[in-house]
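J.:
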């Protein structure tokens, strides 16, 4: 395998949890609700997976539990932001702090215990003969395939179905959507809940694919990167795929440059993803200066029928 | 408009309540242990008082002991080993010690150490970054004994302790040097600081002692605990061709990455074999129990001094974890042999000639590095492929 193929494989492996969390964030924010709770939700997803997997030995049950727990937290977030019209930034930050503290507390009993298994792989042996493609897709795990499928499904959902039209309408102009007979609150509740569940699944993927044990603070800031990637991807699932893998590749590139015997200090290599992100944002900002930014127009604004806010 | 006002008030109250709940959760550990810390000494004193009265022995009053941890005892690594040491000491001496976990290496540490010093006789601060805070508090509480792990500053009532874990790294290096098929080893280093550097060098020297052609590639992750980053570092080394990895990190991410590729790996601080039994090599482990017992006993006997203690394999403060399932017997025998030599003093890890990877001779033939020189090591041994960022 050559350098590029290896880097691609590493990028996919590093990018998958970011991709799942970014897709979750996109669903959330397309509905007009800011999601800053990703870090806490990922931690809750990870700790739930560990607890249920270790206690029951059943991976599917563990994943379902992670989805269920983070979905409940998503409902709390939507209750605060949609029904109570709380400040969405505050509510999101509260989710992050709450999730970090609660996951550390819940995880005490299983901290350091090994998981019964890791992320199961889908072996496609018929791909083995093909160079590059076979190397990349021959042994990917199920969650990675799921995330790829999800990109496609969400892309079609958001841009090519009437459900997606409703979602975008709710995010851009809830008053108009309401006039058209779309149930704004219901849509916001559903997508915020589903988005949170996806972010929880990202946490589950981190623990299954990276380190086979729970420790508090396991995500080490990946949730915040996902928050950034949602904006970087301009709320578009296909771009999210590209951005997550791009970031994953940069994450991995630093170590490869170290190994090539570079004289650049490793501290600078560790900054690569962030420096390149800033550069890309500057370039995109310049290129798209006359186009809409893609931000859902009523992002962060609560909606109440017949009230101007 | 009135309805909207109510909504805002209600939501504000709810967010506030949530914040209160989560604040409670976040600092749960510290708060809980702090209360325990303030209540427990009284209880211990009362307990010993009645005990002494009952047996009418003039026995020395049992000291109250406190530990300050950098992480949670459940980290399965560094703090876990300290906590095991505390439990051992408690069992040996019949003392109940207090612990405060997750103490950041910041001004918070000084506040917590000060609180502990007010009602404890001995305070163990178990991370390097507590050094100056411990010293400050030690100067304020001359009657309390302080023991600081891995530092170099002392006071009349403050000593230091740490272990020569590089002896364990050397032995792990022997195993790695025998197990590699293509003479390429990989080392995932946390930070380019001397603690990691002397372990990396010892690992390399151990591997070269059985396999002179071996090369060790090193990458720095600049984090102690971040599974995602550690995994990327490990995969980069595996992609470069390394078939045995060693990680001076707190998570078993390297082990999992190695397992996926069928490579061998070891971790740090504690027995990590349970995470990948078939791909596990071994690694240095800490064993603090006997030393903690000794220190507390010496305080009870009045023989405590502000020593700068460095334990090795000879007093069991440092050891290696049990080998993984697939390490063959001849490799085990070779490691055990070297271990016996280290214990007897016949083998010293940093005995010259040793040159660095720039070709400069760092230790002359026949010379041995002093402990001070080891603890300040800032060069990479010959055979290490990598650099120390300046």
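Chains as they are written, first to last, in our numbering: chain A, 11 to 319; chain B, 6 to 395. C-beta: ideal position from N, C-alpha, C; glycine also.
Which of the three DSSP states is assigned to residue 262(A) in this structure?
T.: In the structure shown, residue 262(A) sits in a helix (DSSP, three-state: H, G or I).
J.: Please confirm whether residue 179(B) and residue 281(B) have their CB atoms less than 9 Å apart.
T.: In this structure, residue 281(B) does not lie closer than 9 Å to residue 179(B) by Cβ.
J.: Could you tell me whether the Cβ atoms of residue 109(A) and residue 83(A) are closer together than 9 Å?
T.: Yes, the pair counts as a contact, with Cβ atoms nearer than the cut-off.
J.: For the pair the stretch 64-77 of chain B and the stretch 114-130 of chain B, tell me if three or more CB-CB distances fall below 8 Å.
T.: Because the criterion of three Cβ pairs below 8 Å is met, the stretch 64-77 of chain B and the stretch 114-130 of chain B touch.
J.: Could you check whether the Cβ of residue 151(A) sits closer than 8 Å to any heavy atom belonging to the ligand FAD?
T.: Absence of the ligand FAD from the depicted structure is noted, as is the absence of any ligand whatsoever, leaving it without description.
J.: Within its chain, find whatever has a CB closer than 6 Å to the CB of residue 174(B); leave out the 5 residues flanking it on each side and keep chain order.
T.: Here the set comprises 204, 207, 208, 289.
J.: For the stretch 265-317 of chain B, list the alpha helix (DSSP H) runs that are entirely contained and at least 4 residues long, ordered along the chain.
T.: Counting only runs of 4 or more, we get 294-306.
J.: Along chain A, in chain order, which residues have C-beta atoms closer than 7 Å to that of residue 224(B)?
T.: Per Cβ cutoff of 7 Å: 265, 268, 269.
J.: With distances taken from CA atoms, which of 345(B), 313(B), 301(B) is nearest residue 66(B)?
T.: Comparing Cα-Cα distances from residue 66(B) to each of 345(B), 313(B), 301(B), the minimum goes to 301(B).
J.: Bridge partners of residue 166(B), per DSSP?
T.: According to DSSP, which records beta bridges pairwise, residue 166(B) is partnered with 154(B), 314(B).
J.: Which value, in whole angstroms, describes the spacing of the CA atoms of residue 196(B) and residue 253(B)?
T.: So the two alpha carbons sit approximately 9 Å from each other.
J.: Does DSSP classify residue 12(A) as helix, strand or coil?
T.: Looking at residue 12(A) - three-state DSSP - the assignment turns out to be coil, as it is neither helix nor strand.
J.: Taking only the alpha-carbon atoms, compute the straight-line gap between residue 225(A) and residue 106(B) and give it to the nearest angstrom.
T.: Using only the alpha carbons, I get a separation of about 14 Å.
J.: Between residue 359(B) and chain A, is there a C-beta pair that is closer than 9 Å?
T.: It does not: the Cβ of residue 359(B) has no partner Cβ on chain A nearer than 9 Å.
J.: Answer with buried or exposed for residue 265(B), where buried requires no fewer than 16 other C-beta atoms within 10 angstroms of its C-beta.
T.: The residue in question, residue 265(B), is buried, as its Cβ has 16 or more Cβ neighbours within 10 Å.
J.: Taking only three categories from DSSP, how would you classify residue 231(A)?
T.: Here residue 231(A) sits in coil by DSSP.
J.: Are residue 369(B) and residue 350(B) touching if we call contact CB-CB under 9 Å?
T.: For residue 369(B) and residue 350(B), no; Cβs fall outside 9 Å.
J.: Give a yes or no on contact between the stretch 12-23 of chain A and the stretch 139-155 of chain A, applying the rule of three or more CB pairs nearer than 8 Å.
T.: Because the criterion of three Cβ pairs below 8 Å is met, the stretch 12-23 of chain A and the stretch 139-155 of chain A touch.
J.: Listed in chain order, which residues of the stretch 188-220 of chain A have Cβ atoms closer than 9 Å to some Cβ of chain B?
T.: Listed by position, the residues of the stretch 188-220 of chain A near chain B (Cβ gap below 9 Å) are 216, 217, 219, 220.
J.: Whether or not the stretch 157-173 of chain A and the stretch 99-119 of chain A are in contact is what I'm after, with contact meaning three or more pairs of Cβ atoms, one per stretch, closer than 8 Å; do they touch?
T.: Touching, no.
J.: Would you identify the three-state DSSP class for residue 355(B), choosing helix, strand or coil?
T.: The answer is coil: DSSP assigns residue 355(B) none of H, G, I, E or B.
J.: In whole angstroms, give me the CA-to-CA distance for residue 383(B) and residue 393(B).
T.: Approximately 8 Å, taken between the alpha carbons.
J.: Looking only at C-alpha atoms, which of 99(B), 376(B), 152(B) sits nearest to residue 133(B)?
T.: Per the Cα distances, 152(B).
J.: Whole angstroms is fine: what's the gap from residue 171(B)'s alpha carbon to residue 354(B)'s?
T.: Each residue's alpha carbon lies about 8 Å from the other.
J.: Can you list, in chain order, the residues of its chain whose CB lies under 6 Å from that of residue 222(A), leaving out five sequence neighbours each side?
T.: Answer for residue 222(A): 124, 125, 128, listed in chain order.
J.: Starting from the C-beta of residue 130(A), find all residues in its chain whose C-beta is less than 8 Å away, skip the five residues before and the five after it, and write them out in chain order.
T.: Cβ neighbours of residue 130(A) beyond the five flanking positions: 69, 151, 152.
J.: From the DSSP output, which residues share a beta bridge with residue 207(A)?
T.: Answer by DSSP bridge pairing: none, since residue 207(A) is not bridged.
J.: Which residues of the stretch 332-349 of chain B have a Cβ closer than 7 Å to any Cβ of chain A? Give them in chain order.
T.: Against chain A - using a Cβ distance shorter than 7 Å - the stretch 332-349 of chain B contributes no residues.
J.: Which residues mark the beginning and the end of the beta strand (DSSP E) in which residue 127(B) is found?
T.: Residues 127-130.
J.: Can you check which of these residues, 366(B), 390(B), 213(B), 260(B), is closest to residue 273(B) by C-alpha distance?
T.: Of 366(B), 390(B), 213(B), 260(B), the residue nearest in Cα terms is 260(B).
J.: What are the boundary residues of the beta strand (DSSP E) that residue 366(B) is part of?
T.: Where residue 366(B) is concerned, the enclosing beta strand (DSSP E) stretches over 366-368.
J.: Closest Cβ-Cβ distance between residue 174(A) and chain B: below 9 Å?
T.: False, the Cβ-Cβ gap to chain B never drops below 9 Å.
J.: Take the Cβ of residue 88(B) as the centre, count every other Cβ of all protein chains shown within 10 Å, and call the residue buried at 16 or more, exposed below.
T.: With 16 or more Cβ atoms within 10 Å of its Cβ, residue 88(B) is classed as buried.
J.: Have a look at the DSSP bridge pairing and note the partners of residue 190(B).
T.: Answer by DSSP bridge pairing, in chain order: 221(B), 249(B).
J.: What separation, rounded to the nearest whole angstrom, lies between the Cα atoms of residue 364(B) and residue 388(B)?
T.: One C-alpha to the other measures close to 10 Å.
J.: May I ask you to report which of helix, strand or coil DSSP gives residue 104(B)?
T.: Looking at residue 104(B) - three-state DSSP - the assignment turns out to be strand.
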